[in-house]
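Residue numbering for the sequence shown follows full-length UniProt numbering, beginning at 1 and increasing consecutively.
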Amino acid sequence: MKLEGVRPSNFSGIPLMIAILSLVLILGAMELSYWWMWTVGWIFIFASWGLSAKIENKTLILKYAFGLLPIKLKGEDIEEVLVLNRLEKGVLLRHFPGIGIAYMGVLVYALYRYFALPENLLPGYYVGVVALIVFSSSILISMAVPLGKTSHKLLITAAISIAGASLLWIKSHEVELIPMIVILAMIALWTVYDIDTEDYIVLKTKKGKYLLTSNAPRDKVEKAIKGIMEVLIDD
């Protein structure tokens, strides 16, 4: 039975390692200007995202890497099931600190790169670095603040975007960058809003924690949770 509207996230285990490798490749591409690293990095990012989740023969199967990497969890492997949403007000980083460390590494690199770059280079040099600063810090805030505090997160993200615009202006006084700054801010705000309005199912297992995400209607989420609980009961 496929769990409709639910898919695994890359917050832990092998998928997290793939995601970290993808970030290293993309940052390396920015540093060394190797386009093959950029391409492979994005392929790895897509590969780290979960494709689907289903229950088969009393086993929960999480599919990653375009369906080529299945992670199988039997009922005896699952120790606890937690639901995090706007009502429960859970904190994602409390359960998955590894993804926080990854984004913190990106933020530290981006800040270092920003201050290392001289002024009056082509605008593209600064835009990429500032985009990393805005997105990594916004996502860190989104995962550190309890779910449900959407307005607080959006205000903080707006402030971060304004700070990012200021950093960009300090390095390059190009009026043509204003539309790009607005687009960057809108994408950051949408990303934070999307993270905060999704439902999350945390699976505590003997192999570690796994995260399922869903933006489907509540009835589909409840059906998925019921299916997972049946695996535990049947086992």
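Note that CB positions come from ideal geometry on N, CA and C, so glycine has one too.
Could you tell me the distance, in whole angstroms, from the CA atom of proline 15 to the CA atom of isoleucine 162? Here the alpha carbons of isoleucine 162 and proline 15 stand approximately 33 Å from one another.
Close beta carbons around serine 137, own chain, < 7 Å, minus the five adjacent residues each side: Here the set comprises Leu107 and Ile160.
Nearest residue (CA-CA) to glycine 208, options Phe96, Asn57, Leu69 and Gly75: Checked all of Phe96, Asn57, Leu69 and Gly75; the closest Cα to glycine 208 is Phe96.
Nearest-angstrom beta carbon gap, lysine 153 and residue 250 [assumed within contact, 8 Å]: Within the shown structure, residues of the chain are numbered from 1 to 235, placing residue 250 beyond reach of any answer.
Exposed or buried, which one is leucine 62 when buried takes at least 16 other CB atoms within 10 Å? A buried status is given to leucine 62, since no fewer than 16 other beta-carbon atoms sit within 10 Å of its beta-carbon.
With DSSP as the reference, identify every bridge partner of aspartate 199, one or two as the case may be. In the DSSP secondary-structure assignment, aspartate 199 is bridged to Ser214.
Would you mind sorting arginine 218 into buried or exposed? The rule is 16 or more other CB atoms within 10 Å of its CB. Result: exposed.
Serine 52 - containing beta strand (DSSP E), residue span: Boundaries of the beta strand (DSSP E) around serine 52: 52 to 56.
Decide if alanine 144 is buried, meaning its Cβ has at least 16 other Cβ atoms within 10 Å, or exposed. Exposed, because fewer than 16 other Cβ atoms sit within 10 Å of the Cβ of alanine 144.
Taking the DSSP output, what are the residues bridged to tryptophan 80? According to the sequence displayed, residue 80 carries glutamate and not tryptophan. Glutamate 80 pairs with Lys204.
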